[in-house]
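Notes for the one structure printed next.
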Amino acid sequence: MGRLNADPIATFPDGWQLLVSTAYCGEGQFVCELYMAGVEQKERRDLRVVSSLPEAPTCLQAQTSAYTQARHLYPGMAEGMKQPPYLIWSGPSVPSFEPEERSRNGHRRRG
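Residue numbers (this note's numbering): 7 to 117.
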């Protein structure tokens, strides 16, 4: 399993945490998933998907939907749940300028 971008929004008395993961799906769409995470054991964490939510046009809308769903699923923990905004992975660094090209003689020129 790759790295998971997750932010804890609640911790239960037994040490389990409710995590929200936010991802950019492309074309201006975001999605969140809720996970239950068990206590870490030897660099591993027991993760269980609780809920996958529909895509939303903004990051904040996706996170608000996840928060609402979490409050519905765990009403006894709702009072202490962390509210959005949550962590989001911004993705790979993409330059906002045109990359330089090298001519055949090795000199740089703008492309």
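The beta carbon of each residue, even a glycine, is placed where N, CA and C say it ideally should be.
Since this is a predicted model, take the numbers as computed values, not measurements.
Using the Cβ count rule (16 or more neighbours within 10 Å means buried), how would you classify Leu24? buried
Among Asp13, Ala72, Cys65, which residue has its Cα nearest to the Cα of Glu33? Cys65
Going by DSSP, name the residue or residues bridged to Thr17. Gln23
From Leu79 to Tyr30, what does the alpha carbon distance come to, in whole angstroms? 24 Å
Say yes only if the C-beta of Pro14 is nearer than 7 Å to one or more non-hydrogen atoms of the ligand NAD, and no if none qualify. Looking at this structure, you won't find the ligand NAD or any other ligand, since it has none at all.
Contact under 8 Å by Cβ, Leu59 with Glu39: yes
Should Pro63 and Gln89 be called a contact, given that it needs their Cβ atoms to be closer than 8 Å? no
In angstroms, rounded to a whole number, what distance separates the CA positions of Ala72 and Tyr92? 10 Å
In chain order, what residues of the same chain lie with their CB nearer than 6 Å to the CB of Pro14, ignoring the 5 residues before and after it? Gln23, Leu25
Would you kindly report the start and end of the unbroken alpha helix (DSSP H) that includes Ala76? 65-79
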